[in-house]
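See structure below.
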Amino acid sequence: MRATVMRGSLAVAGVIALVGGCRTGAVDSAGKQPPPKAHGSASPAPSDDAKEPAPSPSRTPSVRPTPPPKVLMARGASGGKVRELQARLRQIAWLFEGPNGKYGPATTKAVEGFQGKRGLPRTGNTDTVTWARLVRMTHTPTRDELYASGGQPAAKPDPRCMTGRVVCISKTSRTLTWMIDGKALMTTDVRFGSQFTPTREGVFSVYWKSRHHVSTIYHTAMPYAMFFSGGQAVHYSADFAARGYNGASHGCVNVRDEGKIASLFAQVRNGDKVVVYW
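Mapping the sequence shown onto our numbering, position 258 (from 1) lands on 263, and the numbers just tick up by one.
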């Protein structure tokens with residue numbers, strides 16, 4: 006009888022729970038029921054660690070490419086630095102023509118050869134690496150090496166050239182300048198005698214002009230000769246025109262520009278001053 010009443014009470018309690026929407030569950034040691042789980046979720050709430058963003062993968066540091074060496078000179082350049090480059094290349098037999106200060110095909114080819122011999126890129130351009138290697142292998146060019154084929158700027162005129170009509174000749178710059186009252190009217194390259202037949206220095210005067218002169222001692226042509234000291238004269242030299250400074254005169258002042266010596270010959274008069282100086 007009691008059992009029947011208990012079963013009936015349990016059944017009634019179950020119906021009430023269903024109608025109220027409650028769920029039965031276990032209680033803790035204090036008799037409290039643990040908080041209900043959220044609807045639609047079957048897994049426990051994530052921990053604090055799970056909420057941290059995933060660490061980004063480590064990145065390999067980027068490596069910047071080494072920049073190419075800076076180009077200092079290239080084809081088409083001109084000036085004193087190019088002339089020095091050419092003189093240094095001549096010292097080690099990569100260039101054979103005289104320095105002219107112009108970076109042309111011959112200089113480009115010489116630089117390419119120098120680069121290739123030393124395992125450098127054959128660009129023909131003179132960059133910082135090529136220049137440093139060349140400088141280590143050569144010495145600073147002398148003035149004569151820089152102007153092995155002439156073309157030097159005229160030296161400062163000697164004070165004795167500053168008055169009157171003067172053929173002003175500098176052995177330092179190897180130039181002849183035609184001057185009137187301190188004004189330079191024309192400058193040209195000249196060549197002098199060797200150490201065995203030197204050209205005399207000093208102040209002289211033109212005493213004889215001979216348009217088609219031939220040396221009675223050496224039997225060579227001396228066109229446009231203007232004698233100023235014994236047998237020494239200013240005159241045109243075909244040998245100087247052909248060989249440059251690889252040769253020397255027998256004491257005369259050689260001019261290789263026939264147009265300029267012809268113009269000078271037409272202007273100079275007997276009695277005009279000639280100054281030869283260092």
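Glycine included, each C-beta is placed from N, C-alpha and C at the ideal position.
query: Boundaries of the alpha helix (DSSP H) in which residue 88 is found, first to last residue; result: 85 to 96
query: Inter-residue Cα distance where the pair is residue 191 and residue 183; result: 5 angstroms
query: Residue interval of the beta strand (DSSP E) (run including residue 258); result: 258 to 260
query: Short Cβ contact (8 angstroms threshold) for residue 204 with residue 186; result: no
query: Helix, strand or coil at residue 53 [DSSP, three-state]; result: With a pLDDT of only 48 at residue 53, under the threshold of 50, the placement of this residue in the model should not be trusted; the figure read from the coordinates follows. Looking at residue 53 - three-state DSSP - the assignment turns out to be helix.
query: Nonlocal neighbours in the same chain, by C-beta distance under 6 angstroms from residue 214, ignoring five residues either side; result: 231
query: Cβ-Cβ distance between residue 260 and residue 239 below 8 angstroms; result: yes
query: Span separating the alpha-carbon of residue 225 from that of residue 273; result: 23 angstroms
query: 8 angstroms Cβ shell around residue 84 - same chain, five flanking residues per side excluded; result: 106
query: Stretch pair the region 120 to 134 + the region 160 to 177: three plus CB contacts closer than 8 angstroms; result: no
query: Of the listed residues 222, 242, 165, nearest to residue 206 (C-alpha basis); result: 165
query: Entirely enclosed beta strand (DSSP E) segments - the region 227 to 261, minimum 3 residues; result: 237 to 241, 258 to 260
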